[in-house]
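To convert, note that position 2 of the sequence shown is 178 in the working numbering; the numbers rise steadily by one, no gaps.
The beta-carbon is built from N, C-alpha and C at its ideal position, and this holds for glycine as well.
Structure, as structure tokens:
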Amino acid sequence: MLKSFSFVVSPDDAGRRLDQVLAARVPELSRRLARVLLDVGGVFVDDVRAKQAGRPVSEGQKIVAHVGGALARATKQLGENTRAYGPSIASRPKLNSDRADA
177 MLKSFSFVVS
187 PDDAGRRLDQ
197 VLAARVPELS
207 RRLARVLLDV
217 GGVFVDDVRA
227 KQAGRPVSEG
237 QKIVAHVGGA
247 LARATKQLGE
257 NTRAYGPSIA
267 SRPKLNSDRA
277 DA
């Protein structure tokens, strides 16, 4: 189910990163999920698709975040990729280039 969240950047949020503002203003998003939503093209700033998480926002800009199907599919895929390494990515075998004595 697609949910849309729309808001106008306040003076307090002006100058902050887009992913930070999204995480603060959209209840369902953490910064990580905000970055995923940006990557899948679900965020629009002043009616233009935005993909840069680090982009600073300006007061008065209209932000629309479409949370739903694409985000759910993307986060499901991320979860499957993460689980491939087990409980911790630190537990995966080190490559020679990762070793301090290499």
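Residue i burial status per 10 Å Cβ neighbour count (16 or more: buried)
i: L194; result: buried
i: V212; result: buried
i: D222; result: exposed
i: V219; result: buried
i: L178; result: exposed
i: V197; result: buried
Strand pairing of residue i, partner residues [DSSP]
i: P232; result: R193
i: A225; result: According to the sequence displayed, residue 225 carries Arg and not Ala. Paired residue(s): F220.
Three-state secondary structure assigned by DSSP to residue i
i: V216; result: coil
i: A210; result: helix
i: A199; result: helix
i: V185; result: coil
Residues near residue i by beta carbon distance below 8 Å, same chain, minus five either side
i: G236; result: V184, V185
Residues of its chain near residue i, where Cβ-Cβ distance is below 6 Å and the 5 sequence neighbours each way are ignored
i: P232; result: G191
i: A210; result: D195, L198, A199
i: K238; result: V184, D222
Cβ-based neighbour list, residue i, same chain, cut-off 7 Å, excluding 5 preceding and 5 following
i: H242; result: L178, S180, G218
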